[in-house]
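Novice: There's a structure below that I have some questions on.
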Amino acid sequence: MDALTLLHQRSSIGKLAGPAPSREQLDGLYRAALRAPDHKGLTPWRFIEFSGAGIDRLGELFAEAEYQANPHIDDATLDAVRKKPKRAPLIIAVIAKVTPDQPKVPPVEQVLSAGCAAHAILLAAQAMGLGAMWRTGSFAFDRTVRRGLGLGEHDELVGFLYLGQPGGRLPTPPRRDPADFVERWD
Ligand SMILES: Cc1cc2nc3c(=O)[nH]c(=O)nc-3n(C[C@H](O)[C@H](O)[C@H](O)COP(=O)(O)O)c2cc1C
């Protein structure tokens with residue numbers, strides 16, 4: 109698939125099956141991420157990869173966060189929360205490692221750079237025939253989850269990228285007309 113077709117056709121898929129991306133594929137995904145635009149070369153990126161028992165540990169962290177937020181939660185709901193990361197054989201958490209007080213690179217630029225890294229991973233995954241879905245839910249912003257993943261005070265958890273083999277045909281992207289979004293100053 110050529111680059112423009114990939115950019116025009118990228119599509120998320122929530123239904124993901126094993127096997128997880130291979131080490132070689134993961135290396136290609138990270139190399140794509142590391143080409144994200146990066147003002148002043150701060151490399152404000154950190155990735156945590158979850159698979160196997162790591163997926164279970166992430167589920168426990170989500171359950172702990174949910175329990176802290178809602179101590180009266182019933183067991184069945186808590187169990188459903190615990191299972192959320194099992195929707196994919198592999199998850200990459202993309203974190204913006206934000207350096208505050210950078211006069212020319214405010215935090216928003218560093219977070220945007222990490223967002224570009226996440227997008228690059230989605231695109232590279234599709235190019236490899238993998239399926240992917242970017243999720244945040246409430247847990248990306250949760251204090252317990254942030255602490256559990258070792259985020260610094262200024263860091264942002266940009267998203268959890270769920271990755272695996274597509275469990276069906278990729279959805280057809282919506283048709284959008286650039287004219288609806290573009291203003292011209294000629
Ligand atoms: C920062 C960010 C967070 C997102 N979080 C979620 C989420 O928690 N749950 C969800 O169903 N979709 C989430 N999405 C949207 C999906 O990843 C996806 O973009 C959407 O379903 C539209 O599909 P498409 O990417 O094929 O256009 C998020 C997207 C972004 C950019």
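Take the sequence shown: its letters are residues 109 to 294, numbered as in the working numbering. Even glycine gets a Cβ: it sits at the ideal position worked out from N, Cα and C.
Tell me whether LEU112 is buried or exposed, calling it buried when 16 or more other Cβ atoms sit within 10 Å of its Cβ.
Specialist: exposed
Novice: Got a sec, what are the start and stop residues for the alpha helix (DSSP H) GLY167 sits in?
Specialist: 161 to 177
Novice: Which residue's Cα is closest to the Cα of PRO197: ALA287, PHE158, THR151, GLN117?
Specialist: PHE158
Novice: Just how far apart, CA to CA, sit ASP110 and ARG118?
Specialist: 12 Å
Novice: Select from PRO282, HIS116, SER120, ALA128 the residue whose C-alpha is nearest the C-alpha of ILE199.
Specialist: ALA128
Novice: Tell me the DSSP secondary structure of LEU238 in three-state form.
Specialist: coil
Novice: Would you check whether ligand 1 has a heavy atom nearer than 8 Å to the C-beta of LYS277?
Specialist: Note on identity: in this sequence residue 277 is Arg, with Lys being the wrong assignment. Answer for ARG277: no, Cβ out of range of ligand 1.
Novice: Taking the alpha carbon of ARG165 as the reference point, which residue from LEU230, LEU257, HIS147 has its own alpha carbon closest?
Specialist: LEU257
Novice: Entirely within the region 196 to 267 and at least 4 residues each: give me those alpha helix (DSSP H) ranges in chain order.
Specialist: 215 to 235, 251 to 256
Novice: Whole-angstrom Cβ separation of LEU124 and ARG195, contact assumed at under 8 Å?
Specialist: 7 Å
Novice: Just curious, the alpha helix (DSSP H) that THR113 is in, first and last residue?
Specialist: 111 to 117
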